[in-house]
Amino acid sequence: MMFRYMCLNSISQVGLGGFGSGYSSVDSMDSADALLVRSADMHHTSVPNNVKCVARAGAGVNNIPLMALAEQGIPVFNTPGANANGVKELVFAAMLLAARDVVGGINWTASQVGNEQVAKDTEKEKKKFAGFELSGKKLGVIGLGAIGRLVANTAIHLGMEVFGYDPYISVDGAWNLSKNVQHSKDIKEIYANCDYITIHVPLMDATRGMISAEAFTLTKPTAVLINLARDVLVDEQAVVQALEEGRLCKYVTDFPNPTVLGKSGVIAIPHLGASTEESEDNCAIAAVKQVKDFLENGNLTNCVNFPNCQMGICASASRVGIFHENIKSMISQFTAALAHTNIANMSNVSRNTLAYTLLDLEEPLTEDTIRAIEAIDGVYRVYVVK
Numbered sequence: 354m355m356f357r358y359m360c361l362n363s364i365s366q367v368g369l370g371g372f373g374s375g376y377s378s379v380d381s382m383d384s385a386d387a388l389l390v391r392s393a394d395m396h397h398t399s400v401p402n403n404v405k406c407v408a409r410a411g412a413g414v415n416n417i418p419l420m421a422l423a424e425q426g427i428p429v430f431n432t433p434g435a436n437a438n439g440v441k442e443l444v445f446a447a448m449l450l451a452a453r454d455v456v457g458g459i460n461w462t463a464s465q466v467g468n469e470q471v472a473k474d475t476e477k478e479k480k481k482f483a484g485f486e487l488s489g490k491k492l493g494v495i496g497l498g499a500i501g502r503l504v505a506n507t508a509i510h511l512g513m514e515v516f517g518y519d520p521y522i523s524v525d526g527a528w529n530l531s532k533n534v535q536h537s538k539d540i541k542e543i544y545a546n547c548d549y550i551t552i553h554v555p556l557m558d559a560t561r562g563m564i565s566a567e568a569f570t571l572t573k574p575t576a577v578l579i580n581l582a583r584d585v586l587v588d589e590q591a592v593v594q595a596l597e598e599g600r601l602c603k604y605v606t607d608f609p610n611p612t613v614l615g616k617s618g619v620i621a622i623p624h625l626g627a628s629t630e631e632s633e634d635n636c637a638i639a640a641v642k643q644v645k646d647f648l649e650n651g652n653l654t655n656c657v658n659f660p661n662c663q664m665g666i667c668a669s670a671s672r673v674g675i676f677h678e679n680i681k682s683m684i685s686q687f688t689a690a691l692a693h694t695n696i697a698n699m700s701n702v703s704r705n706t707l708a709y710t711l712l713d714l715e716e717p718l719t720e721d722t723i724r725a726i727e728a729i730d731g732v733y734r735v736y737v738v739k
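Residue numbers (this note's numbering): 354 to 739.
Given below as structure tokens:
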């Protein structure tokens, strides 16, 4: 069977090469089985029902209408951790840019073209660009997911005293965190104690504006705030005011916008966090693997609008995935519709109001059976894997 995919943004050819034979690229959603996206805004895009899945080559999915797609029975995947190293490295570049006036020094030297006395003048001027070392400073990491853990662990090796705050850290996340990272149970401890504060949480209603004006009543006047996650996680009007009033020293952001541009104490980077060849390749490779595993096996990996579900490679006569509401009696209705065949294996998973049921059958599904399942109240889509 030939599957077709469409890229809404430029996607790494290294990653797309993972599709191999049996897949082809198309230029229209109307003929696509899968969509791959990076930053394209899909909120005002009408996605046709022939599209079976969407993969975000990156972690953030605020550009994708998750619930609207869920109600079409379209799973959305992302690739958390695939760009983590690229972002982590830029965090340390951000800390160094804030600690040492490297940019100011470079700009000064660039202005000295033609100055025969530049070596002598450098010795006089360099004290204007003096800064501080990271070693021995306190770093607060808010959010200990894939990126936050890498930042925290690396900072330990640089001699920093690291504090981590994440009330939702997973067991695996905790195991992969250095034992030298100190656990902060209250985010206020981070604000009050740390010289550098970096935020690495997903954008949700609960995290929007989570670093508010209250934070800057606690921060040291020498503190540096780094935001390479999402600009709206921070109340940037409060940041600018805190900088003006001397309650914050620097704000390094990867999201230039009118609120912060040109403001004293702001270092704005043009959204370079994951802009490395390696990150783009890794994200595309992961996205392609997830698309293939769903289209070929019905498995959901790193799904952000439905729960994850894994039943391995499809080896049965037929496999069917059912996207549906998480309400009572759904399974009994499915099994009643499938009474003519034996169910060899089944997985039913749910997350809040949504659920996904994956079944292996010993006989191929008939069109009548498919229509019967689709007619069940609360079913969004029936995807016949084979």
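By construction, the Cβ of each residue, glycine as well, lies at the ideal position given by its N, Cα and C atoms.
Rounded to whole angstroms, the gap between the alpha carbons of Leu419 and Val429 is 7 Å. Unbroken alpha helix (DSSP H) runs of no fewer than 4 residues, entirely contained in the stretch 677-738, are found at 683-690, 720-727, following chain order. Under the criterion of beta carbons closer than 8 Å, Ile726 and Ala690 qualify as touching, at roughly 5 Å.
Taking a contact to require three or more Cβ pairs closer than 8 Å, the stretch 570-577 and the stretch 587-605 qualify as touching.
Lys473 and Leu450 have their C-alpha atoms spaced approximately 25 Å apart.
The three-state secondary structure of Thr551, taken from DSSP, is strand. In the DSSP annotation of this structure, the continuous segment of the alpha helix (DSSP H) that includes Asn460 starts and ends at 455-463. By the criterion of a C-beta distance shorter than 7 Å, Asn362 is surrounded in its chain by Val390, Arg391, Ser392, Ala393, once the five residues flanking it on both sides are discounted. Within the same chain, Arg391, Asn431, Thr432, Asn436, Ala627, Cys636 come within 7 Å of Gly411 by CB-CB distance, once the 5 residues on both sides are set aside.
Ranked by how close their Cα comes to the Cα of Ile427, the residues Ile729, Pro717, Pro611, Ala708 have Ala708 in first place. As computed with DSSP, Met448 is found in no beta bridge at all. At least 9 Å separates the beta-carbon of Ile729 from that of Asp713. The three-state reading of DSSP puts Lys405 in coil, since its state is none of H, G, I, E or B. About 13 Å separates the beta carbons of Ser671 and Glu720, which is beyond the 8 Å limit, so they are not a contact pair. Take the alpha-carbon of Val407 and the one of Leu388: they are about 5 Å apart. Taken through DSSP and simplified to helix, strand or coil, Met359 comes out as strand.
The secondary-structure analysis by DSSP pairs Lys603 across a beta bridge with Val577. The alpha helix (DSSP H) runs lying completely inside the stretch 489-537 and spanning 4 residues or more are 499-510, 524-528, given in chain order. Note that the stretch 607-619 touches the stretch 581-591; at least 3 beta-carbon pairs, one per stretch, sit closer than 8 Å. Under the three-state reduction of DSSP output, Ile675 falls in the strand class. In the DSSP annotation of this structure, the continuous segment of the beta strand (DSSP E) that includes Val390 starts and ends at 387-390. Short of 6 Å from the beta carbon of Val367, and not among the five residues preceding or following it, lie these beta carbons of its own chain, in chain order: Asp634. Here the alpha carbon of Asp383 sits roughly 55 Å from the alpha carbon of Ser488.
Under DSSP, Ile564 forms a beta bridge with Val587.
Around the Cβ of Asn705, a 10 Å sphere holds fewer than 16 other Cβ atoms; the residue is exposed. Boundaries for Ile364: no beta strand (DSSP E) harbours it, and the DSSP string shows neither H nor E there. Selection Ser381, Asn533, Met395, Thr575 evaluated against Met359 yields Ser381 as nearest (Cα-Cα). In this structure, Asn701 places its C-beta atom within 9 Å of the C-beta atom of Thr710. Exposed is the label assigned to Tyr521, since fewer than 16 other Cβ atoms lie within 10 Å of its Cβ.
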